[in-house]
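Notes for the one structure printed next.
4 protein chains.
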Amino acid sequence: MDALPDMQDCIDACTNCHQACLQTALTHCLRVGGRHVEPDHFRLMMDCAAICELSANLQLSGSPYAPRLCALCADICHDCAVSCAELDGMEECARACEACEHSCRRMAA
Amino acid sequence: MDALPDMQDCIDACTNCHQACLQTALTHCLRVGGRHVEPDHFRLMMDCAAICELSANLQLSGSPYAPRLCALCADICHDCAVSCAELDGMEECARACEACEHSCRRMAA
Amino acid sequence: MDALPDMQDCIDACTNCHQACLQTALTHCLRVGGRHVEPDHFRLMMDCAAICELSANLQLSGSPYAPRLCALCADICHDCAVSCAELDGMEECARACEACEHSCRRMAA
Amino acid sequence: MDALPDMQDCIDACTNCHQACLQTALTHCLRVGGRHVEPDHFRLMMDCAAICELSANLQLSGSPYAPRLCALCADICHDCAVSCAELDGMEECARACEACEHSCRRMAA
Numbered sequence: 138m139d140a141l142p143d144m145q146d147c148i149d150a151c152t153n154c155h156q157a158c159l160q161t162a163l164t165h166c167l168r169v170g171g172r173h174v175e176p177d178h179f180r181l182m183m184d185c186a187a188i189c190e191l192s193a194n195l196q197l198s199g200s201p202y203a204p205r206l207c208a209l210c211a212d213i214c215h216d217c218a219v220s221c222a223e224l225d226g227m228e229e230c231a232r233a234c235e236a237c238e239h240s241c242r243r244m245a246a
Numbered sequence: 138m139d140a141l142p143d144m145q146d147c148i149d150a151c152t153n154c155h156q157a158c159l160q161t162a163l164t165h166c167l168r169v170g171g172r173h174v175e176p177d178h179f180r181l182m183m184d185c186a187a188i189c190e191l192s193a194n195l196q197l198s199g200s201p202y203a204p205r206l207c208a209l210c211a212d213i214c215h216d217c218a219v220s221c222a223e224l225d226g227m228e229e230c231a232r233a234c235e236a237c238e239h240s241c242r243r244m245a246a
Numbered sequence: 138m139d140a141l142p143d144m145q146d147c148i149d150a151c152t153n154c155h156q157a158c159l160q161t162a163l164t165h166c167l168r169v170g171g172r173h174v175e176p177d178h179f180r181l182m183m184d185c186a187a188i189c190e191l192s193a194n195l196q197l198s199g200s201p202y203a204p205r206l207c208a209l210c211a212d213i214c215h216d217c218a219v220s221c222a223e224l225d226g227m228e229e230c231a232r233a234c235e236a237c238e239h240s241c242r243r244m245a246a
Numbered sequence: 138m139d140a141l142p143d144m145q146d147c148i149d150a151c152t153n154c155h156q157a158c159l160q161t162a163l164t165h166c167l168r169v170g171g172r173h174v175e176p177d178h179f180r181l182m183m184d185c186a187a188i189c190e191l192s193a194n195l196q197l198s199g200s201p202y203a204p205r206l207c208a209l210c211a212d213i214c215h216d217c218a219v220s221c222a223e224l225d226g227m228e229e230c231a232r233a234c235e236a237c238e239h240s241c242r243r244m245a246a
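Protein chains in written order, with my numbering: chain A, 138 to 246; chain B, 138 to 246; chain C, 138 to 246; chain D, 138 to 246.
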C-alpha cells in the first residue's frame, strides 16, 4: 500500500484503539456493570472507538484533513486513557488509547 | 437524488432506526441503567444501529447487495423491537425498529 | 428523542449532507466520469460524507466532543460545496454542503 | 481481548480487507482512472470495504448476528477479488479479499 511509515504507524494505532475500545465496552464493561457503564465513561469509550475508526479511514484515503482529525482524536484518546485507568480490567484499553494519542499527535504536527 | 420511491422509504426508515437506537442507547439507556444496560439488550441496540446505518448507505450507493443486507437488517430490527418493548421509555425506539423491519422486508423481497 | 432544537437541526443537516455526498459520488459522479472522478474532487466528497456521518452520530450520542468535530466538518463542507459548484449536476449536493456548513458553524460556536 | 482464535483471525482478515479496498480505491484507482473507476468495479470496492468494516465490528462486539453478516461478506469479497484480478496493480487487494472470503466462510459455518 501507499502510506508513509509514520502514517502507517498511526493507521495501525488508530485501528488498534478502535478495536480495543469497541470490544472492551461491549463485552467487558457491559458484563461488569457498575462504574463501567457510568454514562460519561461508556460514552467516551464509544466516542473514542468512532473517532479512531474515522482517523484511520481518512489516512487510508489520503485525505488532506487527516491531520486535523488526528489532533481531535489525540485529545479524545487522552481523556479515554485517563477514564480507563480508574477502572478494573481496562489496562490493555488504556495502553491502546495512550499509544494512539502519541501517534496522532505526531500526525497532527 | 436517484433512489426509487420504495428505496427512498427504506433509506429513511433505516436512517430513523439508526438514529433512534444510537441516541436511545447512549442517552436514555445509560442514564436509566439496570435492565437497560443488560448486555444482550444493549448490544442488540448497538448492532441494530450499525446494521441500519450500513443498509441505508448501501442503498444510497446503488449497491446490488443492498437487498441481502436488508433481509438481515429486518431480522435484527425485529429482535430489537421485541427487546425494547419490554423496557420503560423505549416506545419510540421500538416503533422505529418495527417500521424499519417492514420496509427492509419489502426491499429484500 | 432528547436533542435540543439547534442540535436536531444540525443532526438533520449532517445526515442530509452525508446522504447527498455518498449517493452523488457513487452514482452520478461515477456514471459521468471525467472531472467528476478527478481524485481531489472525488476524495473530498467521500471525506465530506464520512465526517458528516460521524458529526451526526456524536451529536446523537450526546458527546461533549461534537462541537469540535462540527468545526472541522464545517470546513470540509465548505470546501466540498466549492468543488461541487464547479461541476455539472451537483447543485443539490452543493446546497446540502452549504446548509451543513452553516448549521455546524452554529454548533461549533 | 476476548475473541477466540478463529474469530480473531476473521477480525484481522476483515480489517485488512477493509483497509486494502478503501486505500486502493481512493488512491490507486482514482489516480489510474479508466476501468479502475468504472462504476460497477469502484462501487464493489466501496461495498467490500464497508461490509468488511461492519463484519469486524460485529465480531468485536460479540454480536450473535456476526456469522450471518460474515456469510454475506464472504460473497462480496469473492466478487471483489474477481473484479480486482482483471485490473492492473490490484494484486494485494485481490489477495486481501480472497483471505477475507475464506475466513468469513469459516465464521459463517
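Quick reminder that beta carbons are idealized off the backbone N, C-alpha and C, glycines included.
Against chain C, the beta carbon of Q156(B) has neighbours under 9 Å at M138, I148, T152, A193, N194 and L197, listed in chain order. DSSP places T152(D) inside the alpha helix (DSSP H), whose first and last residues are P142 to Q160.
With a threshold of 8 Å between beta carbons, S200(C) makes contact with chain A.
When Cβ-Cβ separations below 8 Å define contact, A162(C) makes no contact with chain A. Restricting attention to C158(C), S198(C) and A162(C), the CA atom closest to the CA of D177(D) is found in A162(C). Collapsing the DSSP output to three states places D225(A) in coil. DSSP places H178(C) in the uninterrupted alpha helix (DSSP H) bounded by P176 to L197.
Put simply, the CB of A186(D) is far from chain B, with every gap to its CB atoms at 8 Å or more. By the rule that beta-carbons nearer than 8 Å mark a contact, L224(B) does not touch chain C.
Non-local C-beta neighbours of D216(C) in its own chain, meaning closer than 7 Å and more than five positions away in sequence, comprise L181, ordered along the chain.
For M183(D), at least one C-beta of chain B is nearer than 8 Å to its own C-beta. Counting the other CB atoms within 10 Å of its CB gives V174(B) a total of 16 or more, which places it among the buried residues.
Using a Cβ-Cβ cut-off of 8 Å, L159(D) counts as an interface residue toward chain A, since at least one Cβ of chain A sits closer than that to its own.
Considering only L141(C), S192(C) and T164(C), the residue with the shortest C-alpha distance to C151(C) is S192(C).
By alpha-carbon distance to E235(D), the top candidate from S220(D), A246(D), D225(D) and G226(D) is S220(D). Note that the C-beta distance between C166(B) and C185(B) is not below 8 Å. E238(D) places its beta carbon less than 8 Å from that of A211(D). The closest CA to that of A157(C), considering only V169(C), M227(C), R205(C) and S198(C), is found on M227(C). If the five residues before and after A222(A) are omitted, its C-beta is found closer than 7 Å to the C-beta atoms of A231, all from its own chain and listed in chain order. Nearest to Q160(B) by alpha-carbon distance, out of C189(C), S200(C) and R242(C), is S200(C).
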